[in-house]
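Residue numbers (our numbering): 2 to 497.
From the three backbone atoms N, C-alpha and C, an ideal C-beta is built for every residue, glycine too.
All values derive from a computational prediction rather than experimental measurement.
Written out as structure tokens, the structure reads:
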């Protein structure tokens, strides 16, 4: 791990001189003479080591009075992979800040979700990142404002409030301070103005090379739930449930980036949508470090060399992940997709697709799971809604009860809507929130989403998978290993 890498000045200087893009996002280089901060791979001539200082985040550079380089644009570099790997306070805070919690609920709301005082959160973020939660959220708002300025023709006043600024004056001051240009000058630097209809944005999502798109998008296409996800015209498309509304995203793999086209019902959801798409595609991962670790195993080394840069797809919605994790007990991917599609048809909220209906699917796009208010009012059926559920009704009963109450029902019982669920944080943090007893495969696969704020009771790698499952036995057999669960489990522990 490269935690605290900015402290090792000699190592940072070597990375800057070699212009190694693998270090982008791990630290930022600030030049004392020009008061500009850059990414390590900036193409300009490296400054003298005496004129360089290093920071762990772009927010720390901005707080120290440095402005972003206009050539390498360090604010667009990939994020640190540590926030998706660690489960400590700083990592959980960074995930929530990236999800827009500070903009919507303020620092007290962030502290409530994390279960710590605002002073403790401020202290730990300052110690590790050099900036507090407000500065980190401010840097994210500046990045969102730049995206809207350069990719839309919206008036500056609308961009200011869509990016999360409380006033136009604050918006102008922040953009000028961070980018050394006014909003109008920032838009005027473009070779030609990008005219896009409001709510439709075309972006580039950077990643650390290499990336194996066949493995990543092949998995997403194979497990796509009709009505929520689809593969159309060389792009993976899906609906998004966002804090202020809904959205539809189309993700297209390219050589050095992921093309992202977003259609949002409310532009205030832009930073949240981008953050969730990056997390779903695991774009902040460090593939070189992962591949080096896997190459230590003589059986995996040839497979890694054949297809380097594999990512582990994640989720954009923790409630959706919970339902699909339980449906994964069906083992068959086709059966899980079928049951999920029925839930989407019965409880999904229809949304309008600006690009029209898919020619290969008769199902209209739907937002699923529904918004929290409707989900909390959803009655729990006393009987299966269709004979098609009769064979697997205990699992469907579990899902419906979980959707209605946020808690795992006791064996043989189905709670009524009158049993009011407690706060969402407490229900998530309760040990019963993870269906360990009713679903061993699900619990062993690390079923607690990393976007959840509660601390895991048992730290586990986000890339962990149950070695005794069907997929683990199949891959183990392909590698020439014994397919026994104990043998495969020991092998996985040796690699980790």
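Within a Cβ cutoff of 7 Å, which residues of the same chain sit near residue 218, ignoring the five residues on either side of it in sequence? 237 and 254
Give me the DSSP bridge partner(s) of residue 53. 32
Quick one: give me the first and last residue of the alpha helix (DSSP H) that residue 62 is part of. 59-64
Go ahead and label residue 250 buried or exposed: buried means 16 or more other beta carbons lie within 10 angstroms of its beta carbon, across all protein chains shown. buried
Bridge partners for residue 261 per DSSP, in chain order? 204 and 252
Can you name the start and end residues of the alpha helix (DSSP H) that residue 278 belongs to? 271-282
Beta-carbon proximity check, residue 252 vs residue 259, cutoff 7 Å: yes
Please identify the residue among 269, 370 and 223 whose C-alpha is closest to the C-alpha of residue 245. 269
May I have the straight-line CA-CA distance separating residue 133 from residue 126, to the nearest angstrom? 5 Å
Please classify residue 181: does DSSP put it in a helix, a strand, or coil? coil
Can you tell me whether DSSP reads residue 232 as helix, strand or coil? strand
Bridge partners of residue 1, per DSSP? In the structure as shown, the chain begins at 2 and stops at 497. Residue 1 is therefore absent and cannot be evaluated.
Under the three-state DSSP convention, the category residue 11 falls into: helix
Please go through the stretch 111-147 and give each complete alpha helix (DSSP H) segment of 4 or more residues, from N-terminal end onward. 119-130
Cβ neighbours of residue 248 in the same chain (closer than 8 Å, five flanking residues each side left out): 240, 241, 263, 264, 265, 266, 270 and 274
C-alpha distance - residue 63 paired with residue 43, whole-angstrom precision: 18 Å
So which of 46, 19, 180 and 111 has the shortest CA-CA distance to residue 67? 180
Would you say residue 137 and residue 88 are within 7 Å of each other, going by their C-beta atoms? no
Looking at residue 55 and the ligand ADP, is the gap between the Cβ and the nearest heavy atom below 6 Å? Summarising the ligand content, the structure contains no ligands, and the ligand ADP is consequently not present.
For residue 314, which residues in the same chain have their Cβ closer than 8 Å to its Cβ, ignoring the five residues on either side in sequence? 217, 220, 221, 281, 282 and 283
When you compare only the Cα positions, how much space is there between residue 300 and residue 27? 31 Å
Please list, in chain order, all residues of the same chain as residue 277 whose beta carbon is under 6 Å from its beta carbon, the five residues on each side excluded. 317
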